[in-house]
């Protein structure tokens with residue numbers, strides 16, 4: 001039943017979201033008498049229930065009144081009401097959600113007409129014109145006398161005020177309007193003119209002017225049709241004042257109630273309701289709840305709604321599969337035979353009618369209830385075949401061997417349809433597993449543990465299939481829920497393997513070459529194949545081993561040294577390969593680990609190699625130790641000794657043993673001259689047999705300060721230099737600096753002399769002035785397009801003199817005074833050229849700014865009266881009687897000229 005209610009609530013989620021639970025009114029009013037009997041029913045409160053408020057309970061804040069489950073308010077004991085009215089609060093609360101709603105109940109005490117008369121000095125007050133008006137119709141001429149107050153001058157008690165009964169007005173009245181309701185009158189209007197007025201909601205407060213009053217006569221009217229669904233009651237106050245506006249009477253309360261008419265149809269919270277019910281449910285199973293609300297007064301027949309089912313589609317297997325509770329709207333099953341595999345959904349049209357379901361007088365409305373038949377696991381899965389077959393290669397995993405197909409009529413991709421496969425026999429070692437394809441629901445027989453052809457050539461499995469969800473009650477497993485699976489194993493060529501991998505052997509280092517260490521053989525698992533196994537080296541870092549290719553015997557190819565860099569933690573590793581001759585060939589690897597036992601084959605080495613000590617005995621002795629490449633027991637404790645030869649070693653030094661691994665070297669004499677001394681020390685280990693080694697330690701003896709640290713001068717002296725040597729070094733440095741300074745002064749002086757020295761030849765004989773610099777070069781002697789006259793002295797100077805100062809061309813004659821040079825002989829003497837060249841050579845050699853090699857000198861003007869002709873007229877010739885052998889004596893700068901002209905006939 002809980003499951004059915006849960007489905008109904010899920011289907012009516014929209015109904016709960018739109019329904020607003022609560023009392024139909026915020027304020028309920030009823031007329032009562034002064035005396036109330038115990039259990040007397042006074043009025044009924046209406047509460048709108050939604051789908052989630054089925055467990056609503058009522059309570060009050062008064063011990064005199066309680067509320068029944070249907071909303072009826074009754075008295076818990078006999079009461080006498082002395083006051084005009086009684087008010088208390090009614091609370092409705094939901095047991096499931098703990099939500100609470102409140103409404104106010106007012107009980108007005110009504111008194112008979114005779115009791116309403118009051119005497120004032122024997123004078124009768126005004127009486128109502130109509131004593132008992134009909135509450136179903138507007139009281140057209142009801143007279144409401146004003147309440148009177150009797151004064152007893154302190155001796156008589158004051159009588160209770162009158163209570164005006166409520167005025168009932170039917171809604172939807174057709175008029176005519178304004179329509180008189182009552183007449184209000186004060187007995188003082190006989191003495192003075194009185195004006196009447198009303199205030200409150202409906203009068204001077206929104207909605208405005210629903211009620212009006214004749215200020216002179218006191219007749220109150222309603223001005224338009226009333227709508228109870230818009231407002232069910234009005235509370236007004238009547239006032240009486242004289243013509244000056246002075247209050248004549250205290251205000252009185254007027255309660256006006258709108259009488260309900262059946263003018264509203266029931267309205268369903270939703271037009272479409274969705275619910276569900278399990279297939280195969282028994283009659284009476286709860287499906288869902290539909291709810292319709294009527295805006296009319298629910299305490300009358302106008303608002304009392306009743307439900308009925310109009311149609312059901314489809315009408316299978318019966319036209320009346322469901323029924324509905326006429327009062328609550330609960331839909332339940334009424335017949336058996338719900339089968340999702342036949343009908344998956346029903347559409348039910350539900351009608352709601354007010355007037356307690358009277359179709360002749362009531363108003364109706366309809367809604368649609370869609371009922372989905374939910375699946376239950378009432379169909380077991382069944383294999384489509386009784387046997388299946390497959391094959392698998394040996395030594396392979398995660399291979400699908402066979403696909404098992406099943407059929408299940410339940411809802412696809414639900415727990416009632418999802419298949420679960422289980423191997424119940426034929427696989428004791430767990431080589432196979434059956435996995436479910438999430439899309440097709442097929443069972444995939446998969447290899448999860450490699451099979452071996454040499455152990456099992458075939459498997460016969462029995463597989464059972466079931467659903468993820470258990471079968472419904474009363475449903476048995478089908479015979480077709482089990483099937484057989486035959487799996488054949490295919491033989492393949494398997495690689496040889498080494499039974500002991502990694503294999504560890506132990507032996508002493510230093511065994512001779514060719515020693516047999518072990519036999520590292522492999523096994524071929526293919527027992528049904530005749531194959532041969534061959535061995536080879538795969539990894540031998542030091543190339544120390546050799547393996548027999550046929551039987552796997554391993555021998556040494558070199559001497560094994562434990563102290564080698566290839567040894568890690570005394571272990572040497574080599575990897576070997578074993579391959580068969582199958583098709584295709586297969587191979588396997590094995591690792592051989594050789595643990596080398598240490599022998600005493602390494603002499604100890606002294607540490608440190610250098611040290612420092614003060615020249616006088618002190619506490620700063622030298623701590624020495626030894627390092628041995630061997631391991632225990634072929635290392636310490638060590639023996640440290642000084643040799644007997646040379647004798648000065650034992651004379652100047654001594655060794656003191658500290659422990660097995662350390663000793664101290666210190667001075668034996670009281671003073672030793674500063675310097676570096678090579679002290680030989682013999683170190684012997686504790687091996688069997690022990691090994692010795694004579695190591696040299698360089699000891700720097702130096703003067704020390706008061707802290708025992710070498711001083712700076714002492715450190716230099718200790719390096720092997722005496723005081724005289726240090727003084728000599730300083731003198732040499734001073735002489736060297738003096739020579740550098742003199743050389744710099746001399747170079748500055750030569751530079752100054754070079755700028756003031758005159759040439760030894762006449763300016764006219766200086767051939768360097770006969771060369772002009774141009775931007776364009778000619779093509780040689782065969783080039784006849786250039787003008788050789790440009791090389792001569794220009795005759796006209798006007799264009800030069802007319803230029804601005806400081807602006808000139810380098811190929812033009814300079815402006816200004818020109819020194820006069822003697823005219824050179826027409827035929828110069830060869831000696832003049834030699835002198836000129838010698839002087840230029842000496843100047844160039846002594847010029848620090850001159851380039852390191854000969855270069856072309858540039859001149860601006862050829863000079864006046866030059867007898868040189870065109871440069872193109874010069875020819876080179878080796879003929880003549882000129883002797884150029886002296887060029888060989890001018891140094892490397894003229895070697896090229898010496899080779900060209902000084903070669904003689906040998907060329």
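Numbering (the UniProt record's numbering), first residue to last: 1 to 907. Virtual Cβ for every residue (Gly too), placed ideally from N, Cα, C.
- Compare the C-alpha of residue 638 against each of 691, 675, 745 and name the closest. Comparing C-alpha distances from residue 638 to each of 691, 675, 745 shows the shortest one belongs to 691.
- Task: Whole angstroms is fine: what's the gap from residue 284's alpha carbon to residue 332's?
- Result: Each residue's Cα considered, the two are about 5 Å apart.
- Inter-stretch contact at 8 Å, needing at least 3 Cβ pairs: the stretch 412–428 / the stretch 382–394: No: fewer than three Cβ pairs fall under 8 Å.
- Query: Looking at residue 268 and residue 290, is the spacing between their C-beta atoms short of 8 Å?
  - Reply: In contact: residue 290 and residue 268 (Cβ atoms closer than 8 Å).
- N-terminal and C-terminal residue of the beta strand (DSSP E) that residue 183 is part of: Element bounds for residue 183: 179–185.
- Query: On the premise that residue 560 lies in contact with residue 510, defined as a C-beta separation below 8 Å, what is that separation, rounded to the nearest angstrom?
  - Reply: Between the beta-carbon of residue 510 and that of residue 560 there is about 7 Å, and that keeps the pair under the 8 Å contact cut.
- Task: Starting from residue 899, trace the alpha helix (DSSP H) both ways and give me its first and last residue.
- Result: Residues 895–901.
- Determine the direct distance from the alpha carbon of residue 576 to that of residue 590, and round the result to whole angstroms. Residue 576 has its alpha-carbon roughly 5 Å from the corresponding atom of residue 590.
- State buried or exposed for residue 213, treating a residue as buried only when at least 16 other CB atoms are found within 10 Å of its CB. A buried status is given to residue 213, since no fewer than 16 other beta-carbon atoms sit within 10 Å of its beta-carbon.
- Look up residue 76 in the DSSP assignment and give the residues it is bridged to. Per DSSP, none; premise fails for residue 76.
- Message: I need the straight-line Cα distance from residue 744 to residue 737, nearest angstrom please.
- Response: A straight line joining the alpha-carbon of residue 744 with that of residue 737 spans about 11 Å.
- Message: So, with DSSP's three-state summary, where would you put residue 751?
- Response: Reduced to three states, the DSSP call for residue 751 is helix.
- Measure how close the beta-carbons of residue 490 and residue 394 come, nearest whole angstrom, since I'm counting them as under 8 Å. 7 Å between Cβ atoms; contact.
- What are the boundary residues of the alpha helix (DSSP H) that includes residue 652? Looking at the DSSP string, the run of the alpha helix (DSSP H) that includes residue 652 is 647–652.
- Enclosing beta strand (DSSP E) for residue 415 [first to last residue]: Secondary structure note for residue 415: it is in no beta strand (DSSP E), with a DSSP letter that is neither H nor E.
- May I ask which residues mark the beginning and end of the beta strand (DSSP E) holding residue 281? Judged by DSSP secondary structure, residue 281 falls outside any beta strand (DSSP E); it is assigned neither H nor E.
- Message: I'd like to check one pair, residue 340 with residue 374: are the Cβ atoms closer than 8 Å?
- Response: For residue 374 and residue 340, yes; Cβs fall inside 8 Å.
- Query: When burial is assigned at 16 or more other CB atoms within 10 Å of the CB, is residue 321 buried or exposed?
  - Reply: So residue 321 counts as buried.
- Task: Thinking residue 194 and residue 254 are a contact (beta carbons under 8 Å), I'd like their distance in whole angstroms, please.
- Result: Residue 254 and residue 194 do not touch by the CB rule: their CB atoms are close to 17 Å apart, not below 8 Å.
- Message: By the DSSP assignment, the beta strand (DSSP E) with residue 102 in it spans what residues?
- Response: 100–109 is the span of the beta strand (DSSP E), which, as asked, contains residue 102.
- What are the start and end residues of each continuous beta strand (DSSP E) run of 3 or more residues lying completely inside the stretch 662–738, in chain order? Runs found: 662–667, 675–684, 692–702.
- Task: Mind reading off the beta-carbon distance from residue 513 to residue 554? Whole number of angstroms is fine, and I expect it under 8 Å.
- Result: Rounded, the Cβ-Cβ distance is 13 Å, inconsistent with contact.
- Exposed unless 16 or more other CB atoms sit within 10 angstroms - verdict on residue 544: Looking at its Cβ environment, which holds 16 or more other Cβ atoms inside 10 Å, residue 544 is buried.
- 8 Å Cβ cutoff met for residue 356 and residue 292: In this structure, residue 356 lies away from residue 292, with their beta-carbon atoms at least 8 Å apart.
- Query: Skipping 5 residues on each side, what residues in its chain have a beta carbon closer than 7 Å to that of residue 504?
  - Reply: Excluding sequence neighbours, residue 504 sits near 593, 595.
- Nonlocal neighbours in the same chain, by C-beta distance under 8 Å from residue 237, ignoring five residues either side: Result list for residue 237: 198, 199, 200, 251, 252, 253, 254, in chain order.
- Length at least 3, wholly inside the UniProt domain "Cadherin" (269–383): the beta strand (DSSP E) runs in chain order: When DSSP assignments are scanned along the UniProt domain "Cadherin" (269–383), the uninterrupted stretches of beta strand (DSSP E) that are 3 or more residues long and fall wholly within it turn out to be 272–278, 286–289, 306–313, 322–324, 330–333, 345–353, 364–374.
- Task: Could you check what DSSP says for residue 745 in three-state terms: helix, strand or coil?
- Result: In the three-state reduction of the DSSP assignment, residue 745 falls in the helix class, which pools H, G and I.
- Alpha carbon of residue 754 to alpha carbon of residue 883, nearest angstrom: Computed Cα separation, rounded: 32 Å.
- Message: Taking the beta strand (DSSP E) that residue 484 belongs to, which residues open and close that run?
- Response: Counting along the chain, the beta strand (DSSP E) containing residue 484 begins and ends at 482–490.
- Measuring alpha carbon to alpha carbon, tell me which of 573, 185, 524, 526 ends up nearest residue 910. Nothing about residue 910 can be read from this structure; the chain reaches only from 1 to 907.
- Contact the stretch 658–676 vs the stretch 623–633: 3+ CB pairs below 8 Å: Because the criterion of three Cβ pairs below 8 Å is met, the stretch 658–676 and the stretch 623–633 touch.
- When DSSP builds the beta bridges, which residues end up paired with residue 556? Bridge pairing for residue 556: 545 [DSSP].
- Message: Taking the alpha carbon of residue 313 as the reference point, which residue from 412, 372, 44, 192 has its own alpha carbon closest?
- Response: The residue with the shortest Cα to Cα distance from residue 313 is 372.
- With a threshold of 16 other CB atoms inside 10 Å of the CB of residue 362, please say whether the residue is buried or exposed. Burial is judged here by how many other beta carbons sit within 10 angstroms of a residue's own beta carbon; residue 362 has at least 16 and is buried.
- Label residue 732 either buried or exposed according to how many other C-beta atoms from any shown protein chain fall within 10 Å of its C-beta, with 16 as the threshold for buried. Residue 732 sits exposed, since fewer than 16 C-beta atoms from the chains shown fall within 10 Å of its C-beta.
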